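Colleague:
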DNA sequence: GGAAAAATTTGCAACGCCTGCAACTTCGCA
DNA sequence: TGCGAAGTTGCAGGCGTTGCAAATTTTTCC
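Chains as they are written, first to last, in our numbering: chain V, 1 to 204; chain P, 1001 to 1204.
Here you go:
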């Protein structure tokens, strides 16, 4: 790797760290691109040659992690059922998303939970990985109905998103988060009909 | 209703229609707030006293419709199981979301499918109605576990969102969309394990 | 080692969204 | 008819974002 590439990586990192630090210190809206650029020792214009927008810098880390996970997912033992494979894939992704990365993980989570616009962006990303799940799914079972694949991915990702967000927002410990995820997977796999409270009549 | 209120309603409508017409004619990004204001015969500044942002004008109609649905939902016969009630609620909401409203319905859908930022906003709204589903659910079954409620809402809304988006993007007819929704509900209710293709081993 | 070529950074100007503010107009009510 | 409330408007300005061309740095090749 040449000097050029090394420097670019370094600059990218400097910008991201400066941005997250400032966001933590004085808030997201209160930090301008100019502030970030100054803190990272680059020109404001350069910021945009590394990140397409101010919002993207918040998701840079998690995106890298997700990309790694996707690469690792390509090779899976072929002797498990598609359902088992999907469970694995989902768990690995959750691991990547839910783990606190570096020292700024908590800040990123807090920012996303607080700012509606960041939340929207996060949901968009979630939606994009849902597309990925559809592709992986149709690859695992080529005979599957298109609608089925779409629905399964939607319900799976939707359910997982819901638990994780809930656990995050309510300060669950990693352990309780994990057991909540297990519970969520079970519900999605066995159906809403398997939840007793749902099929009991309200009369009492 | 006094003159004042009537005029406001009228102005709001004028702005929304002008905006959607211009979006359709020359594109979303190609239309500025100034253009919309001029077409609606108000000052640019006034636009923002009716809609908080340019994006919101795209969702104004659907938001109104959803609000109506929510009001109608409050009163449900108490002799059905929560699961049945949820199905009704979901179907009514889908009806509201999926139907083409007025002459601009198709344009709104197209805009949202095309523009990533609008897609993100749409997902955020979806997420908000998911919160509503959680509330309604815990109301229907007060004894339900918190996590269960969150997961169920997430899977339900996630699955529905996935089918509808897919049908929309692929130009399904209303009939085939409806049957796809039924299929989706069945999958979510009975669980992914009920889909044969998923539990068959890949070996053949 | 040095010059040409390629990639990167930078400053500049501009556009468009959005907001706060203060003046102005319109409406409702007594 | 006049007063207060509500709504509209213009203005000034901040901020994110982009295109462009000049300046700088890195690579490549002689």
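The beta carbon of each residue, even a glycine, is placed where N, CA and C say it ideally should be.
In this text, all values refer to a predicted model and were calculated from it rather than measured experimentally.
(1) Can you find at least 3 beta carbon pairs, one from the segment 1182-1200 of chain P and one from the segment 161-181 of chain V, that sit closer than 8 Å?
(2) Hey, is residue 1124 of chain P's beta-carbon within less than 8 Å of any beta-carbon in chain V?
(3) Could you compute how far the alpha carbon of residue 37 of chain V sits from the alpha carbon of residue 1032 of chain P?
(4) Report the residue ranges of all alpha helix (DSSP H) runs contained in full by the segment 1041-1075 of chain P; include only those spanning at least 4 residues, in chain order.
(5) Taking 8 Å as the threshold (C-beta atoms), are residue 190 of chain V and residue 1002 of chain P in contact?
(6) With DSSP collapsed to three states, give me the class of residue 1094 of chain P.
(7) Does the beta carbon of residue 1062 of chain P sit closer than 8 Å to a beta carbon anywhere in chain V?
(8) State whether the segment 1118-1138 of chain P contacts the segment 120-136 of chain V, with contact taken as three or more CB pairs (one from each stretch) at a distance under 8 Å.
(9) Would you mind giving the Cβ-Cβ distance between residue 130 of chain V and residue 1162 of chain P, rounded to the nearest angstrom? I have them listed as a contact below 8 Å.
(10) So the alpha helix (DSSP H) residue 1028 of chain P belongs to, where does it begin and stop?
(11) So residue 96 of chain V packs on residue 69 of chain V, CB below 8 Å; how close in whole Å?
(12) Confirm, please, whether the CB-CB distance from residue 1060 of chain P to residue 1024 of chain P is below 8 Å.
(13) Using beta-carbon positions only, say whether residue 1094 of chain P and residue 180 of chain V come within less than 8 Å of one another.
(14) How should residue 1049 of chain P be labelled, buried or exposed, when 16 other C-beta atoms within 10 angstroms of its C-beta is the threshold for buried?
(15) Taking C-beta pairs closer than 8 Å, name the residues in chain P that residue 147 of chain V reaches, listed in chain order.
(16) Expressed to the nearest angstrom, what Euclidean distance is found between the alpha-carbon atoms of residue 200 of chain V and residue 62 of chain V?
(17) Buried or exposed for residue 1006 of chain P, please, with buried defined as at least 16 other CB atoms from any protein chain shown within 10 angstroms of its CB.
(18) Give the residues from the segment 1103-1120 of chain P that approach chain V closer than 7 Å (Cβ to any Cβ), ordered along the chain.
(19) At the 8 Å Cβ level, is residue 1092 of chain P part of the contact set with chain V, yes or no?
(20) Would residue 1073 of chain P and residue 197 of chain V be called neighbours here (beta carbons separated by less than 8 Å)?
(21) Assign residue 204 of chain V to one of three DSSP states: helix, strand, or coil.
(22) May I ask whether a heavy atom of the ligand FAD can be found less than 7 Å away from the beta carbon of residue 1002 of chain P?
Modeller: Quick look at the numbers:
(1) no
(2) Taking the first residue of the second chain as 1, we reach residue 1124 of chain P at position 124. Yes, because at least one Cβ of chain V sits closer than 8 Å to the Cβ of residue 1124 of chain P.
(3) Within the first chain, the letter at position 37 stands for residue 37 of chain V. Within the second chain, the letter at position 32 stands for residue 1032 of chain P. Looking at the two C-alpha atoms, the distance is approximately 29 Å.
(4) 1044-1050 and 1056-1073
(5) By one-based count along the second chain, residue 1002 of chain P stands at place 2. By one-based count along the first chain, residue 190 of chain V stands at place 190. No.
(6) For the purposes of this step, residue 1094 of chain P is identified with residue 94 of the second chain, where counting begins at 1. Helix, per DSSP.
(7) Looking up residue 1062 of chain P in the second chain gives position 62. No, its Cβ sits nowhere closer than 8 Å to a Cβ of chain V.
(8) yes
(9) Residue 130 of chain V sits at position 130 when you count from the first residue of the first chain. Residue 1162 of chain P sits at position 162 when you count from the first residue of the second chain. Confirmed, Cβ separation roughly 7 Å.
(10) For this step, residue 1028 of chain P is matched to residue 28 along the second chain. Segment: none, residue 1028 of chain P is in no alpha helix (DSSP H) and carries neither H nor E.
(11) Within the first chain, the letter at position 96 stands for residue 96 of chain V. Within the first chain, the letter at position 69 stands for residue 69 of chain V. The Cβ separation is near 5 Å, so the contact holds.
(12) Within the second chain, residue 1024 of chain P is the residue found at index 24, counting from 1. Within the second chain, residue 1060 of chain P is the residue found at index 60, counting from 1. No, Cβ-Cβ distance for residue 1024 of chain P and residue 1060 of chain P is not below 8 Å.
(13) In the second chain, the residue the question calls residue 1094 of chain P occupies position 94. In the first chain, the residue the question calls residue 180 of chain V occupies position 180. No, the Cβ-Cβ distance between residue 1094 of chain P and residue 180 of chain V is not below 8 Å.
(14) As a working note, residue 1049 of chain P is residue 49 in the second chain. Looking at its Cβ environment, which holds fewer than 16 other Cβ atoms inside 10 Å, residue 1049 of chain P is exposed.
(15) Along the first chain, read from residue 1 onward, the residue named residue 147 of chain V stands at position 147. Within chain P, the residues near residue 147 of chain V are 1163, 1166, 1180, 1183 and 1184.
(16) Position 200 of the first chain holds residue 200 of chain V. Position 62 of the first chain holds residue 62 of chain V. When rounded, the distance between both Cα atoms is 41 Å.
(17) In the second chain, residue 1006 of chain P corresponds to position 6, counting from 1. Classification of residue 1006 of chain P: exposed, given that the 10 Å Cβ count is below 16.
(18) 1116, 1119 and 1120
(19) Position 92 of the second chain, counted from the first residue, corresponds to residue 1092 of chain P. Not an interface residue.
(20) Residue numbering aside, residue 1073 of chain P sits at position 73 when the second chain is read from its first letter. Residue numbering aside, residue 197 of chain V sits at position 197 when the first chain is read from its first letter. No, the Cβ-Cβ distance between residue 1073 of chain P and residue 197 of chain V is not below 8 Å.
(21) If you number the first chain from 1, residue 204 of chain V lands on position 204. With a pLDDT of 45 at residue 204 of chain V, under the threshold of 50, the modelled position of this residue cannot be trusted; read the value that follows with caution. Of the three classes helix, strand and coil, the one that applies to residue 204 of chain V here is coil, per DSSP.
(22) You won't find the ligand FAD in this model; it holds no ligand whatsoever.
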